[in-house]
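Beneath this line is the structure, given in structure tokens, with notes to follow.
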Amino acid sequence: MGIYSRMRSCLSDKNKGTLTRFLIETGLKPKANCKVDSPFEKGIVVFSADFEMAWAFRFSKTRQSEAEKKGLKERENIPVLLELFQEYGIPVTWATVGHLFLSECSKSPDGLAHSEMPRPGFFENRNWCYNTGDWYQHDPCTDYKKDPAWYASDLIDKVISSGVIHEIGCHTFSHLDFTYKNCPKPFADSELDTCIKLAAEKSITLKSMVFPGGTFGNFESLKEKGIECYRKPMKYHIDLPYIDSFGLVAIPSSLGLDKDPYGWSKEFHLKMIHNYLERAVKYKLVCHFWFHPSMDLWFLENVMPEVLKMVADYSGSAKIEVKTMGQLAEKFKKLTAEVLGR
Ligand SMILES: [Zn+2]
Ligand SMILES: [Zn+2]
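Sequential numbering from 1331 applies to the sequence shown in our numbering.
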């Protein structure tokens, strides 16, 4: 942890909000990697969504009781989001929990859900605590009509048939901790294989990964299974991707879009987002917005439409290009190969 992060962690929520606001107002945030030589001819904007419904919260230390509610909220919001992104012609990379590809599932004779899948040992990390029962104990083993927070084959079909060509990415099958420590390689392989198989049934090839809860690891498995890129917070908010030692493209993560806990106005949110875009334009770097589809309704109705309009205007005036994670990874690899070939 750097000095800044250590100092920040000592502040109350209210003071954290005041500090961030100060950094934005004074132009100290976002930080852009302004010294790097960009291979892009203009700035690039990426949107990705963690499409996870109830699965993300079932072992949450703070929000376990909200898991189902979050899932249902996501179900309500996704059609609204799809309409908005379609209105502005902006594609999203939907990093999707594999179980959501199903429209139903059932218990096996031994009484377990998905008994063919490996289970992790008990663990605790920053966000989750799994210390009792079976890893799949919350799986209702019914169908999307009875338990709509746990299955989303119908919503995935909606994403695929939208007027915008979205990308479906990977967020593991059971939203597990993907670190080397808590996810041995055979376990990671099995999660990815299951996601790949379910996606293939909808003619989807998975190219992009979002690690659940930022639990980075098992890069070898990703590479072996044909995943090409992943989202990662970097030193700078506005930055270039890089090719890691496994040959995967790490794509910077810039800003999570949702209502803040500090009571910021719509105008301030838009000013902040505008600053992010301006930096990406100025230095021809990547600005990557990510969000949870279960986002706050106020943000969805008031801020998101303005954000998308702003991005569409920047794109329309050729200041930026909008790409999915997979498209950006392809482009970056191609440009890097050209530079190396010179
Ligand atoms: Zn299931
Ligand atoms: Zn997640």
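Built from N, CA and C at the ideal position, the CB exists for glycine as well.
| Of the listed residues 1654, 1640, 1583, 1480, nearest to residue 1429 (C-alpha basis) | The residue you call residue 1429 lines up with position 99 of the sequence shown. Distances from the alpha-carbon of residue 1429 to those of 1654, 1640, 1583, 1480 put 1480 closest.
| So residue 1537 is in the alpha helix (DSSP H); what residue range does that whole segment cover? | Taking the first residue of the sequence shown as position 1, residue 1537 is located at position 207. Residue 1537 -> no alpha helix (DSSP H), and no H or E assigned at all.
| request: Round the Cβ separation of residue 1616 and residue 1376 to the nearest angstrom and send it over; I've been treating them as touching at under 8 Å. | output: For the purposes of this step, residue 1616 is identified with residue 286 of the sequence shown, where counting begins at 1. For the purposes of this step, residue 1376 is identified with residue 46 of the sequence shown, where counting begins at 1. Beta-carbon to beta-carbon, residue 1616 and residue 1376 are separated by about 6 Å, close enough to satisfy the 8 Å threshold.
| message | Which residue marks the beginning of the alpha helix (DSSP H) containing residue 1469, and which one marks its end? | response | Within the sequence shown, residue 1469 is the residue found at index 139, counting from 1. Element bounds for residue 1469: n/a, residue is neither H nor E.
| query | Between residue 1393 and residue 1666, what straight-line distance do the alpha-carbon atoms span, to the nearest angstrom? | reply | Mapped onto the sequence shown, residue 1393 falls at position 63. Mapped onto the sequence shown, residue 1666 falls at position 336. Each residue's alpha carbon lies about 42 Å from the other.
| query | When DSSP labels each residue in this structure, what does residue 1542 get in the three-state scheme? | reply | Taking the sequence shown and counting its residues from 1, one reaches residue 1542 at position 212. Of the three classes helix, strand and coil, the one that applies to residue 1542 here is helix, per DSSP.
| Among all residues, which have a Cβ less than 5 Å from at least one non-hydrogen atom of ligand 2, and in what chain order do they fall? | 1380, 1382, 1386, 1542
| request: Alpha carbon to alpha carbon, how far is residue 1536 from residue 1553? Give it in angstroms, no decimals. | output: If you number the sequence shown from 1, residue 1553 lands on position 223. If you number the sequence shown from 1, residue 1536 lands on position 206. Distance between the alpha carbons of residue 1553 and residue 1536: 12 Å.
| Sorry if obvious, but does the Cβ on residue 1443 come closer than 7 Å to a heavy atom of ligand 1? | Residue numbering aside, residue 1443 sits at position 113 when the sequence shown is read from its first letter. It does: the Cβ of residue 1443 is within 7 Å (strictly closer) of some heavy atom of ligand 1.
| task | Go ahead and label residue 1517 buried or exposed: buried means 16 or more other beta carbons lie within 10 angstroms of its beta carbon, across all protein chains shown. | result | Locating residue 1517 in the sequence shown gives position 187, counting from the first residue. Residue 1517 is buried by the Cβ-count criterion.
| task | For residue 1429, verify whether its CB is less than 7 Å away from any heavy atom of ligand 1. | result | For this step, residue 1429 is matched to residue 99 along the sequence shown. For residue 1429, the distance from the CB to the nearest heavy atom of ligand 1 is below 7 Å.
| request: Use the C-beta contact count for residue 1348: other C-beta atoms within 10 angstroms, 16 or more gives buried, fewer gives exposed. | output: Counting from 1 along the sequence shown, the entry for residue 1348 is found at position 18. Exposed, since its Cβ has fewer than 16 Cβ neighbours within 10 Å.
| message | Could you check whether the Cβ of residue 1432 sits closer than 7 Å to any heavy atom belonging to ligand 1? | response | Sequence index remark: in the sequence shown, residue 1432 carries index 102 (1-based). Yes - ligand 1 has a heavy atom lying nearer than 7 Å to the Cβ of residue 1432.
| message | Checking the sheet assignment: what are the DSSP bridge partners for residue 1561? | response | As a first step, residue 1561 is located in the sequence shown; it is residue number 231 there, counting from the start. Answer is 1581, bridged to residue 1561.
| request: Please go through the region 1361 to 1445 and give each complete alpha helix (DSSP H) segment of 4 or more residues, from N-terminal end onward. | output: 1397 to 1417
| said: Taking the beta strand (DSSP E) that residue 1500 belongs to, which residues open and close that run? | reply: As a working mapping, residue 1500 is identified with position 170 in the sequence shown. 1497 to 1500 is the span of the beta strand (DSSP E), which, as asked, contains residue 1500.
| said: Is the separation between the beta-carbon of residue 1491 and that of residue 1416 shorter than 8 Å? | reply: By one-based count along the sequence shown, residue 1491 stands at place 161. By one-based count along the sequence shown, residue 1416 stands at place 86. It is not a contact, given that the beta carbons lie outside the stated cut-off.
| With 16 other Cβ atoms within 10 Å as the buried cut-off, status of residue 1459 | For the purposes of this step, residue 1459 is taken as the residue at position 129 of the sequence shown. Classification for residue 1459: exposed.
| field | Whole runs of the alpha helix (DSSP H) within the region 1335 to 1360, excluding any shorter than 4 residues | value | 1343 to 1355
| Within 7 Å: the Cβ of residue 1484 and any heavy atom of ligand 1? | One-based indexing of the sequence shown puts residue 1484 at position 154. Every heavy atom of ligand 1 is 7 Å or more from the Cβ of residue 1484, so no.
| said: For the region 1358 to 1372 against the region 1560 to 1569, do three or more pairs of beta-carbon atoms, one drawn from each stretch, fall closer than 8 Å, so that the two count as touching? | reply: yes
| request: Can you tell me which of 1434, 1551, 1586, 1494 puts its alpha carbon nearest to the alpha carbon of residue 1475? | output: Within the sequence shown, residue 1475 is the residue found at index 145, counting from 1. For the residues 1434, 1551, 1586, 1494, the minimum Cα distance to residue 1475 belongs to 1434.
| query | Where DSSP assigns a beta bridge to residue 1619, which residues make up the other side? | reply | Taking the first residue of the sequence shown as 1, we reach residue 1619 at position 289. Paired residues: 1377, 1585.
| task | Could you check how far apart the C-beta atoms of residue 1581 and residue 1372 are, in whole angstroms? I think they sit under 8 Å. | result | Residue mapping note: residue 1581 aligns to position 251 of the sequence shown, counting from 1. Residue mapping note: residue 1372 aligns to position 42 of the sequence shown, counting from 1. Between residue 1372 and residue 1581 the Cβ distance is about 17 Å, and since that is not below 8 Å, they are no contact.
| task | Return the Cβ separation of residue 1478 and residue 1402 in integer angstroms, given the expectation that the two are a contact with Cβ distance under 8 Å. | result | For the purposes of this step, residue 1478 is taken as the residue at position 148 of the sequence shown. For the purposes of this step, residue 1402 is taken as the residue at position 72 of the sequence shown. Between residue 1402 and residue 1478 the Cβ distance is about 7 Å, and since that is below 8 Å, they are a contact.
| said: Give me, in chain order, the residues of the same chain whose beta-carbon lies closer than 7 Å to that of residue 1579; leave out the 5 immediate sequence neighbours on both sides. | reply: In the sequence shown, counting from the first residue as 1, residue 1579 sits at position 249. Around residue 1579: 1558, 1559, 1571, 1573, 1659, 1662, 1663.
| task | Given a cut-off of 8 Å, decide if residue 1450 and residue 1512 are closer than it, judged by their beta-carbon atoms. | result | Residue 1512 sits at position 182 when you count from the first residue of the sequence shown. Residue 1450 sits at position 120 when you count from the first residue of the sequence shown. Yes, Cβ-Cβ distance for residue 1512 and residue 1450 is below 8 Å.
| Rounded distance between the beta-carbons of residue 1655 and residue 1407, thought under 8 Å | Your numbering for residue 1407 matches position 77 in the sequence shown. Your numbering for residue 1655 matches position 325 in the sequence shown. Between residue 1655 and residue 1407 the Cβ distance is about 21 Å, and since that is not below 8 Å, they are no contact.
| field | Same chain, Cβ closer than 8 Å to residue 1515, neighbours up to 5 away in sequence not counted | value | For the purposes of this step, residue 1515 is taken as the residue at position 185 of the sequence shown. Once the five neighbours on either side are set aside, the close Cβ partners of residue 1515 are 1548, 1550, 1551.
| said: Applying the 10 Å Cβ sphere with the 16-neighbour rule, what's the burial state of residue 1583? | reply: One-based indexing of the sequence shown puts residue 1583 at position 253. Per the 10 Å Cβ criterion, buried.
| Under a three-way DSSP split, which group does residue 1299 fall into? | One cannot answer for residue 1299 here, as it falls past the ends of the chain, which runs 1331 to 1672.
| Per-residue DSSP class, three states only, for residue 1525 | As a first step, residue 1525 is located in the sequence shown; it is residue number 195 there, counting from the start. Correct three-state label for residue 1525: helix.
| Can you list, in chain order, the residues of its chain whose CB lies under 6 Å from that of residue 1538, leaving out five sequence neighbours each side? | In the sequence shown, counting from the first residue as 1, residue 1538 sits at position 208. Excluding residues within five positions, the ones whose Cβ falls inside 6 Å are 1423, 1499, 1559, 1655, 1656.
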